[in-house]
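Asker: Following this message is one structure expressed as structure tokens.
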Amino acid sequence: MAIECLVLGAGQEVGKSCVVVSIGGKRIMFDCGMHMGYDDHRRFPNFSLISETGDFNSALTCVVITHFHLDHVGALPYFTEVCGYHGPIFMTYPTKALAPLMLEDYRKVMVDRRGEEEQFTYDHIIECMKKVTPLDLKQTVRVDKDLEICAYYAGHVLGAAMIYARVGESSLVYTGDYNMTPDRHLGAAQIDRLQLDLLITESTYATTIRDSKYAREREFLRAVHKCISGGGKVLIPTFALGRAQELCILLDDYWERMNLKVPIYFSAGLTIQANMYYKMLIGWASQKIKGISSVRNTFDFKHVCPFDRSLVNSPGPCVLFATPGMISGGFSLEVFKQWAPSELNLVTLPGYCVAGTIGHKLMSGKPTKIDLDKDTQIDVRCQIHQLSFSPHTDAKGIMDLVEYLSPKHVILVHGEKPKMALLKERIQSELGIQCYYPANNETVLIPSTQSVKIDATKMFINSCSNAKLQGVKRSFLFISDSSSRSTEISKLLEEDVTAEGILVMEKTKTAKIIHEDELLHTLRVEEHQVQFAFCCPMEVTSLQPELIEAKSHEDSLMELDVPRSSATADNRTNKGFINGLVAIFKIKIDCKDLQIASDHLQLRSFRVCICSSEHCSYRTKEKKDISKSVVYFCCRWSFSDDKLARKLLQIMGQSDSS
Amino acid sequence: MVMISHISTTDVKECMQKIQPLKYGEETCFNGSIMLKAYSSGLDIGSCNWTINSPRRRIAYLSGSLFLSACWKGFDYLSLLGNDIVLFSDLSSLHSIDNTCTETQGTKNNNLIGDNGLSFCNTSAPQVDTNDELPHSLLENDESSDEIEKIKFICSCMIDSLQGGGSVLVPIGRLETVLLLLEQISKSLESLNIMVPIFMISSTAEETLAIINTVPEWLSKQRQHKLFSGESLFNHVELKKAKKLLVFTSIFSSELPMMWQEPCIVFCSHWNLRLGPVVPLLHRWHDDPKSLLILEQGVDAEVALLPFRPITIKVLQCSFLSGIMMQKVTPLLEILQPKLVLFPEDVRIHYPIKENDKHSYLYYSENVQLKVPSFSKGFEARLETDLAFQLQPRRLTQQNIAIARLKGRIFLSKGKYFLAASKIPLEFSNKQLVHWGSVEPTHLLLALQERGLVGSIHWDKDATNGSFSIQVSNPENAVIETSAKQTTISCEDRNITALIYEALKSVCDGI
Ligand SMILES: [Zn+2]
Ligand SMILES: [Zn+2]
Ligand SMILES: [Zn+2]
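In structure tokens form, the structure reads like this:
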């Protein structure tokens with residue numbers, strides 16, 4: 001069976017992330033985002049591709065949201081309240097707490113824009129969030145009998161998660177957005193080394209390699225400090241959550257160190273409210289912040305002052321965080337209009353701005369005038385500082401993650417097409433892993449791992465463990481199974497141990513793997529032994545010990561027994577012949593394991609004795625020259641030693657003096 | 001009193017470093033073969049039950065569990081489904097079955113303590129008729145609302161004392177009790193407009209209060225709802241901010257005297273009344289009949305209070321649920337459906353082995369090893385398709401059985417064995433092949449002929465067991481001797497031998 005991957009959004013672009021994956025008869029929607037760059041139907045994923053009839057409840061097993069960014073959760077209230085999806089929805093605790101703030105903030109901005117018809121209402125957001133089951137990290141959640149999901153820390157923003165999903169032995173990870181390096185408030189992404197058929201990863205910075213972010217943080221602080229010392233005002237347009245808190249930690253800390261008194265404001269109650277959430281969710285921040293949280297909560301900002309709209313035009317320097325980011329409307333645009341004309345002021349821009357926003361216009365070149373609409377034009381004389389730190393992993397991070405997880409296939413989403421093409425080539429050539437980067441509304445089919453349930457006997461498992469024990473010299477941990485008092489070696493983990501056994505397949509029963517020695521008993525049959533025999537004639541003269549001794553005078557190992565007087569003459573001669581044969585073998589082969597007795601000798605299963613039966617049926621070869629005195633050696637061996645037996649017979653033939 | 005400490009702070013720190021923290025529901029693997037998972041038990045923050053799964057055993061290990069908790073995540077019993085064995089490790093709560101009504105105990109204690117003692121009455125919960133109820137609803141019936149009623153009752157007693165000019169001393173026991181009392185009493189004080197300070201004196205209080213407000217994942221649904229609606233998880237954050245709750249690390253803190261004022265409420269350690277700020281405070285109030293001391297059950301009040309005699313302070317001793325209630329064990333097992341239940345020996349009287357019971361019981365005792373039967377003879381393994389495709393099954397003559405030699409790599413992942421194709425092609429070792437059954441002479445002769453070997457059958461007249469031999473004369477001399485259990489092939493030429501062996505294999509079962 002295959003894993004079917006339908007990309008509804010963020011295929012060869014950034015925005016409206018949404019991937020629908022069919023795996024082992026289950027169908028999971030990862031993320032349900034919106035595209036900030038569009039106002040028309042392209043804003044939302046094309047849900048009709050999931051179900052033509054619009055019956056999403058039977059078409060989907062569950063929806064999993066990775067984090068609170070609108071390009072990942074923005075379409076969710078629309079999908080549940082307008083499209084009518086009522087099935088299970090999962091997201092982490094912080095995402096469940098913070099996503100409604102993001103959604104409401106966005107909704108307000110849209111409503112403020114004249115002529116904009118709202119896609120969902122406040123009640124829709126509230127109703128939608130009620131349907132969400134919160135997830136903790138690393139907690140394995142059974143969605144139903146067959147589907148298990150588990151969230152892993154992704155960095156990026158508070159509560160961001162990579163999602164592992166498994167049905168039977170088929171499994172995948174959908175990363176959402178992630179960061180492989182820690183930032184001011186979040187740790188780096190962290191995931192177990194999972195066995196995966198498929199990894200779906202973001203690729204925002206598919207080709208960028210970033211250097212240390214501390215230099216860029218210093219740059220930012222320097223720009224801000226310069227502006228306020230000159231009496232200017234700093235506008236930091238951000239979304240209420242994520243970047244706002246990261247920059248605020250940076251500034252709060254800097255203010256403390258530099259003993260600055262200039263006020264820092266948050267434009268909306270929203271951000272202040274958000275800070276309260278951050279304080280409760282500090283367990284999801286970086287280890288460092290968590291570690292000191294019982295002493296001082298990092299999100300208790302010391303230098304943030306309450307804000308009033310009248311302060312926009314009051315004199316003196318200040319720093320203002322205003323929503324939305326990218327200056328796409330709302331209060332940040334309002335303040336921008338007022339502050340942009342003064343060269344004293346500073347506006348910072350996020351690292352990424354969607355086309356069509358003021359932020360995007362400011363990024364491309366340094367315009368002196370911006371046309372807001374037909375009637376409004378803004379003079380831009382203020383300083384512009386583009387923030388170059390991003391909560392996304394860079395190309396090295398993506399490669400590191402892919403290599404670490406070593407999935408069988410990789411799908412790239414959430415990136416720019418030409419860069420994705422380059423990254424795909426790297427993944428295929430450097431890591432030897434199949435890679436795809438489908439466009440929106442395309443489907444990729446991935447073969448998946450399948451397995452059959454079988455029973456294994458204890459003897460079989462033990463034999464594998466023992467093989468391992470012999471093969472590798474290291475200490476093993478044993479687990480005693482008291483009911484049987486036998487030990488079972490349990491350290492077979494992720495190491496190649498060779499298993500050899502017999503699979504018994506009986507109709508209507510579970511197939512069973514057994515050890516070879518258990519076969520006859522299992523089948524309730526008796527063994528039929530097969531052996532090989534040959535009665536090999538040799539001339540007595542070729543077996544004279546003295547002769548051979550001379551031939552092999554260097555063979556110090558040879559110790560021939562002196563015949564005892566009590567032995568019969570016959571025995572004495574037999575023993576002499578056996579010894580003669582031993583001497584011959586010793587010249588040709590390594591006789592370390594050769595067992596010698598007075599009437600026979602044995603090497604592995606190859607056994608030779610003097611044949612006294614004239615009618616021995618194994619004398620298929622007769623000596624032609626009857627005049628010479630001949631001794632017959634009756635040889636028997638089993639199939640496994642046939643090669644050895646033939647060699648020994650050959651030696652015997654060659655040593656024959658005729 | 002001199003207390004000798006056997007461990008240092010360093011010991012504690014080093015010990016904690018060895019601990020691998022887990023989330024509820026997080027899989028962890030011991031030795032690759034034993035999968036451990038923890039699920040909330042509801043007794044306290046982070047308390048848990050375990051599932052222990054190995055390739056041969058599935059065990060649910062149950063500790064004291066509460067189905068619903070006002071603060072913590074409740075007993076997640078549904079995650080314990082599908083285990084063969086349920087092991088009750090802590091049924092200490094069942095021992096107090098005889099005094100389900102704490103009234104008796106409370107009154108008894110009060111009699112001993114003095115006539116100013118308040119008796120605490122465990123509101124007798126209406127017995128739910130098990131037959132009419134679904135097991136789930138029975139399990140989740142109002143345990144926590146009973147507990148809330150108790151808290152409210154304690155608060156009303158506290159208010160009475162405060163209004164009478166007395167102080168209230170609450171030795172810190174269970175964290176939940178402290179948090180709920182704090183929440184309830186602050187509401188009561190506010191609604192009655194009583195202005196008394198609440199002190200919390202403990203070296204760990206500050207940190208505990210900070211942490212408890214940042215761990216929504218470990219809390220009950222109602223508490224989590226507070227997070228999602230933007231409220232603090234516990235109101236002590238606001239109380240501290242409003243200076244209604246004053247937290248000090250020690251009774252000797254320099255600021256404490258400046259803030260001190262009586263009557264007041266003091267939460268402090270230790271519940272055994274032998275250590276911490278509770279000792280001096282009890283010495284201060286032990287003979288104040290207006291004041292109130294709140295003790296949790298589990299403390300022998302008489303003994304605990306001995307050093308503080310004479311006692312005229314009011315004492316309220318209360319009990320809270322600390323584990324599974326007796327009447328819930330059976331419905332719980334109905335849901336979990338284990339094959340075997342392990343009980344501590346001392347509850348045998350409550351759960352005697354009954355005939356035609358759905359589960360079997362075993363009773364264990366301390367320091368006695370108990371053999372627990374396994375429910376599977378073999379191990380469960382998964383055969384991956386890549387290896388399955390390499391198999392060359394051989395159908396056997398008699399039964400509906402096919403067999404195949406298998407060689408690949410085996411690995412243990414998350415407590416399951418996997419058999420997969422090896423990355424490098426593996427050769428079967430040159431082992432002796434196994435054969436069984438008898439050889440039909442004419443079949444063998446035919447098989448030889450097909451391979452260009454000419455021979456004739458000779459019956460062994462002396463033997464009774466159908467022994468025979470085939471003499472091959474062309475292209476080489478060879479002899480095949482066969483009895484019921486054994487065949488010997490004799491031929492000098494190696495290639496002819498191989499041909500004969502092949503012919504034999506074609507007429508004889510083997511692998
Ligand atoms: Zn994001
Ligand atoms: Zn994104
Ligand atoms: Zn012979």
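Top to bottom, those sequences are chains A and B.
Just so it is clear: in the first sequence, position 3 is 3 by the UniProt record's numbering, and no numbers are missing.
Just so it is clear: in the second sequence, position 265 is 265 by the UniProt record's numbering, and no numbers are missing.
Even glycine gets a Cβ: it sits at the ideal position worked out from N, Cα and C.
Report yes if the C-beta distance between A:Ser-320 and A:Val-304 is below 8 Å; otherwise report no.
Answerer: Position 320 of the first sequence, counted from the first residue, corresponds to residue 320 of chain A. Position 304 of the first sequence, counted from the first residue, corresponds to residue 304 of chain A. The identity of residue 320 of chain A in the sequence shown is Leu, whereas the question assumes Ser. Not a contact, by the Cβ cut-off of 8 Å.
Asker: Given that A:Arg-646 touches chain B, what residues does it touch there, using C-beta distances under 8 Å?
Answerer: Here residue 646 of chain A is taken as the residue at index 646 of the first sequence, counted from 1. Simply Arg-494.
Asker: Between which two residues does the beta strand (DSSP E) containing B:Lys-314 stretch?
Answerer: To locate residue 314 of chain B, count along the second sequence from 1; it is residue 314. Per DSSP, B:Lys-314 belongs to the beta strand (DSSP E) from 314-318.
Asker: Less than 8 Å separating the beta-carbons of B:Ile-294 and B:Val-196?
Answerer: To locate residue 294 of chain B, count along the second sequence from 1; it is residue 294. To locate residue 196 of chain B, count along the second sequence from 1; it is residue 196. No, they are not a contact pair.
Asker: Would you check if the distance between the CB atom of A:Leu-158 and the CB atom of A:Tyr-352 is smaller than 8 Å?
Answerer: The residue given as residue 158 of chain A occupies position 158 in the first sequence. The residue given as residue 352 of chain A occupies position 352 in the first sequence. No, these two residues do not count as a Cβ contact at 8 Å.
Asker: Could you check what DSSP says for B:Val-507 in three-state terms: helix, strand or coil?
Answerer: Position 507 of the second sequence, counted from the first residue, corresponds to residue 507 of chain B. Residue state, collapsed to three classes: helix.
Asker: Since B:Gly-415 contacts B:Ser-54 with CB under 8 Å, what's their CB separation in whole angstroms?
Answerer: Position 415 of the second sequence holds residue 415 of chain B. Position 54 of the second sequence holds residue 54 of chain B. Sure, about 6 Å apart at Cβ, within 8 Å.
Asker: Can you give the Cα-Cα distance for B:Ser-47 and B:Asp-76, rounded to whole angstroms?
Answerer: Residue 47 of chain B sits at position 47 when you count from the first residue of the second sequence. Residue 76 of chain B sits at position 76 when you count from the first residue of the second sequence. Straight-line Cα distance between these residues: approximately 11 Å.
Asker: Quick check: what's the CA-CA separation for B:Phe-84 versus B:Arg-58?
Answerer: Walking along the second sequence from the start, residue 84 of chain B turns up at place 84. Walking along the second sequence from the start, residue 58 of chain B turns up at place 58. The sequence as given places Asp at residue 84 of chain B; Phe does not occur at that position. Rounded to whole angstroms, B:Asp-84 to B:Arg-58 spans 5 Å at the Cα level.
Asker: Using the beta-carbon of each residue, which ones in chain B are nearer than 8 Å to A:Met-280?
Answerer: Along the first sequence, one-based indexing puts residue 280 of chain A at 280. Residues of chain B passing the Cβ test: Asn-213, Thr-214, Pro-216, Leu-227, Ser-232, Leu-233.
Asker: Once you ignore the five residues that flank B:Ser-506 on each side, which residues in its own chain have a CB closer than 7 Å to its CB?
Answerer: Here residue 506 of chain B refers to the residue found at position 506 of the second sequence. Closer than 7 Å at the Cβ level, and outside the excluded window around B:Ser-506, lie Ala-447.
Asker: I need the straight-line Cα distance from B:Leu-419 to A:Ser-612, nearest angstrom please.
Answerer: One-based indexing of the second sequence puts residue 419 of chain B at position 419. One-based indexing of the first sequence puts residue 612 of chain A at position 612. Distance between the alpha carbons of B:Leu-419 and A:Ser-612: 52 Å.
Asker: Can you tell me whether A:His-69 sits near ligand 2, meaning its C-beta is under 7 Å from at least one heavy atom of the ligand?
Answerer: For the purposes of this step, residue 69 of chain A is identified with residue 69 of the first sequence, where counting begins at 1. Yes - ligand 2 has a heavy atom lying nearer than 7 Å to the Cβ of A:His-69.
Asker: When you compare only the Cα positions, how much space is there between A:Tyr-178 and B:Glu-147?
Answerer: For the purposes of this step, residue 178 of chain A is identified with residue 178 of the first sequence, where counting begins at 1. For the purposes of this step, residue 147 of chain B is identified with residue 147 of the second sequence, where counting begins at 1. About 44 Å.
Asker: Beta carbons nearer than 7 Å to chain A: which residues of the region 16-33 of chain B have them?
Answerer: Hits within the stretch, in order: Lys-23, Tyr-24, Gly-25, Glu-26, Glu-27, Asn-31, Gly-32, Ser-33.
Asker: The region 397-410 of chain B: which residues have C-beta closer than 8 Å to a C-beta of chain A, in chain order?
Answerer: Hits within the stretch, in order: Gln-399, Asn-400, Ile-401, Ala-402, Ile-403, Ala-404, Arg-405, Leu-406, Lys-407, Gly-408, Arg-409, Ile-410.
Asker: At a CB-CB cut-off below 8 Å, which residues of chain B make contact with A:Gln-531?
Answerer: The residue labelled residue 531 of chain A in the question sits at position 531 within the first sequence. The answer, in chain order, is Gln-486, Thr-487, Thr-488, Ile-489.
Asker: Below 8 Å between beta carbons: does that hold for A:Ala-439 and A:Gly-11?
Answerer: Along the first sequence, read from residue 1 onward, the residue named residue 439 of chain A stands at position 439. Along the first sequence, read from residue 1 onward, the residue named residue 11 of chain A stands at position 11. Contact flag set, yes.
Asker: Under a CB-based cut-off of 8 Å, is A:Asp-105 close to chain B?
Answerer: Locating residue 105 of chain A in the first sequence gives position 105, where the first residue counts as 1. No, A:Asp-105 lies away from the interface with chain B (no Cβ there is under 8 Å from its Cβ).
Asker: Thinking just about the alpha-carbon of each residue, which of A:Asp-373, A:His-360, A:Cys-83 is nearest to the one in A:His-385?
Answerer: For this step, residue 385 of chain A is matched to residue 385 along the first sequence. Residue A:His-360 is the option with its Cα nearest to A:His-385.
Asker: Classify A:Asp-308: buried if its beta carbon has 16 or more other beta carbons within 10 angstroms, exposed otherwise.
Answerer: As a first step, residue 308 of chain A must be located in the first sequence, where it is residue number 308. Exposed is the call here.
Asker: Going along chain A, which residues have a C-beta under 9 Å from B:Trp-436?
Answerer: Locating residue 436 of chain B in the second sequence gives position 436, where the first residue counts as 1. Per Cβ cutoff of 9 Å: Leu-519, Leu-520, Leu-523, Val-525, Glu-526, Glu-527, His-528.
Asker: Put B:Phe-468 into one of helix, strand or coil per three-state DSSP.
Answerer: On the second sequence, position 468 is the one that residue 468 of chain B refers to. Strand at B:Phe-468.
Asker: CA-CA distance, B:Met-16 and A:Lys-138?
Answerer: Working through the second sequence from its first residue, we reach residue 16 of chain B at position 16. Working through the first sequence from its first residue, we reach residue 138 of chain A at position 138. If you take the alpha carbons of B:Met-16 and A:Lys-138, they lie about 21 Å apart.
Asker: At a cut-off of 7 Å, would you count A:His-156 as near ligand 1, judging by its Cβ distance to the nearest heavy atom?
Answerer: Stepping through the first sequence from its first residue, residue 156 of chain A is reached at position 156. Yes, Cβ of A:His-156 sits closer than 7 Å to a heavy atom of ligand 1.
Asker: Check whether the Cβ of A:Arg-619 lies closer than 7 Å to any heavy atom of ligand 3, and answer yes or no.
Answerer: The residue labelled residue 619 of chain A in the question sits at position 619 within the first sequence. Because some heavy atom of ligand 3 lies under 7 Å away, the Cβ of A:Arg-619 counts as near it: yes.
Asker: With the cut-off set at 8 Å, would you say A:His-72 and A:Gly-37 are in Cβ contact?
Answerer: Counted from its first residue, the first sequence places residue 72 of chain A at position 72. Counted from its first residue, the first sequence places residue 37 of chain A at position 37. Result no, Cβ atoms of A:His-72 and A:Gly-37 do not sit closer than 8 Å.
Asker: Go through its chain and collect everything with a Cβ distance to A:Ile-584's Cβ below 6 Å, but skip five positions before and after it.
Answerer: Your numbering for residue 584 of chain A matches position 584 in the first sequence. Taken in chain order, the residues that qualify are Ser-655.
Asker: At a Cβ threshold of 8 Å, is A:Val-111 touching chain B?
Answerer: Counting from 1 along the first sequence, the entry for residue 111 of chain A is found at position 111. False, the Cβ-Cβ gap to chain B never drops below 8 Å.
Asker: Please tell me whether, using a cut-off of 7 Å, the distance from the CB of A:Asp-177 to the nearest non-hydrogen atom of ligand 4 is below it.
Answerer: Ligand 4 is not part of this structure, which contains only ligand 1, ligand 2 and ligand 3.
Asker: Kindly list the residues whose CB is nearer than 8 Å to the CB of A:Ser-48, restricted to its own chain and excluding five residues on each side of it in sequence; keep chain order.
Answerer: Residue mapping note: residue 48 of chain A aligns to position 48 of the first sequence, counting from 1. So the qualifying residues of the chain are Gly-54.
Asker: Go through the region 3-83 of chain B residue by residue and report every complete run of the alpha helix (DSSP H) that reaches 4 residues or more, in order.
Answerer: Whole alpha helix (DSSP H) segments, 4+ residues: 9-17.
Asker: Can a CB atom of chain B be found closer than 8 Å to the CB of A:Ser-406?
Answerer: Translated into the one-based positions of the first sequence, residue 406 of chain A becomes position 406. No, A:Ser-406 lies away from the interface with chain B (no Cβ there is under 8 Å from its Cβ).
Asker: Which of helix, strand or coil does DSSP assign to A:Val-141?
Answerer: In the first sequence, residue 141 of chain A corresponds to position 141, counting from 1. Note: A:Val-141 maps to strand in three-state DSSP.
Asker: Indicate, with yes or no, if ligand 3 has a heavy atom lying under 7 Å from the CB of A:Ser-605.
Answerer: Taking the first sequence and counting its residues from 1, one reaches residue 605 of chain A at position 605. Because no heavy atom of ligand 3 lies under 7 Å away, the Cβ of A:Ser-605 does not count as near it: no.
Asker: Using a threshold of 7 Å, is the CB atom of A:Ser-414 nearer than that to any non-hydrogen atom of ligand 2?
Answerer: Numbered from its first residue, the first sequence carries residue 414 of chain A at position 414. In the sequence on display, residue 414 of chain A carries His and not Ser. Checking the Cβ of A:His-414 against ligand 2 gives yes.
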